[in-house]
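Chemist: Count the sequence shown with the numbering used here and you get residues 15 to 284, in order.
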Amino acid sequence: MYMCLNSYLSFDGAIGWKTYNKVPVMFGSSHICTGFNVNIVTIDRVSALHEACLGGHVACAKVLLENGAQVNAVTVDGITPLFNACCSGSAACVNMLLEFGATPQLENHLASPIHEAVKRGHRECMEILIANDVDIDLEDSQHGTPLYVACMYQRTDCVKKLLELGASVDLGKRLDTPLHAAVRKSSAEAVNLLTDYGASLTRRNAEFKCALDLAASNSKVEQALLLREGPASLAQLCRLCIRKCLGRSCLYVVHKLNLPEPLEKFLLYR
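1) Grab me the residues of Cys172's own chain with a C-beta within less than 7 Å of its C-beta, minus the 5 sequence neighbours each way, in chain order.
2) How many Å lie between Asp149 and Ser182 at the Cα?
3) Between Phe280 and the ligand ADP, is the CB less than 7 Å from at least one heavy atom?
4) Give the DSSP-derived three-state secondary structure of Val205 in the structure shown.
5) Hey, could you find the ends of the alpha helix (DSSP H) Ser102 is sitting in?
6) Hey, would you say Gly180 sits closer than 8 Å to Tyr162, going by beta carbons?
7) Name the residue from Lys174, Ala220, Leu189 whose alpha carbon lies nearest to the alpha carbon of Thr209.
8) Can you check the stretch 137-172 for any alpha helix (DSSP H) of at least 4 residues that lies completely inside it and give the ranges in chain order?
9) Within the same chain, show all residues whose beta-carbon is closer than 7 Å to that of Val225, passing over the 5 residues directly before and after it, in chain order.
10) Going by Cα to Cα distance, which pick from Ala75, Gly82, Arg188 is closest to Ala106?
11) Are the beta-carbon atoms of Leu79 and Val88 separated by less than 8 Å?
12) How close, in whole Å, do the beta carbons of Leu111 and Leu96 come, if the pair is a contact with beta carbons under 8 Å?
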């Protein structure tokens, strides 16, 4: 079994990994059997496991992990194998790393796997992390919350799933809300989703602007916001109130309320 590293490296027994000009290196399980150190890193502290996960090579990652590769190894840039797996969109790699003890939610100064998964639109990776107790509202100082990132990068599929799973609709990046981000990106679909889930149209950012202030004149986004300016319907207010009471468990407990099916679907936005 072989793994082709994305980096171009050469091994120097005295100093470890050393970068050379585009000389692709292959590693096989046979090398590991002969005592090869799976935790050797480049000068940037990139390991073979980092590269396997970045390439989505789940079989290679498994061999490395089974032979002692450090699952939470960190590069000089704060990158972990789990971050790289989320970058590549390999749900299989994400699951395997977690099985081998990868830390799903890292310290603030390290690159965040869930933000990377959302940024690239890898919804399955995002869902796996949330299922493994990553804070759905984790606010990264650089990127904001996952929902904010989803709006910034126009990952509507992720926006919808995050809201469904209970993400706080008004938590973004400092005073900027996800709705501000969606309006800036002229995403009418995201604007409709956010307002359906109760996003505030009156919240003001650091520039003291509300979402409508950022909308282009006569755009679909402006029209969507203007339609929501009036008071919400009683049905909508009740839905938001019930969902708030149930919290993030809403998706899983609403069926226990023994409600008529149409009402249950309404509460779940289906």
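For every residue, glycine included, the Cβ atom is placed at its ideal position computed from N, Cα and C.
Modeler: The answer reads as follows:
1) Val132, Gly135, Arg137, Met140, Ala164
2) 11 Å
3) For the ligand ADP, the structure offers nothing, since it holds no ligand at all.
4) Three-state DSSP puts Val205 in a helix.
5) Looking at the DSSP string, the run of the alpha helix (DSSP H) that includes Ser102 is 95-102.
6) No, the pair does not count as a contact, with Cβ atoms beyond the cut-off.
7) Ranked by Cα distance from Thr209, the options Lys174, Ala220, Leu189 are led by Lys174.
8) 137-145, 160-166
9) The sequence given here places Ala at residue 225; Val does not occur at that position. The answer, listed in chain order, is Leu193, His194, Val197, Leu215, Leu239.
10) Selection Ala75, Gly82, Arg188 evaluated against Ala106 yields Ala75 as nearest (Cα-Cα).
11) no
12) Right, the Cβ-Cβ distance comes to about 5 Å (below 8 Å), so this counts as a contact.
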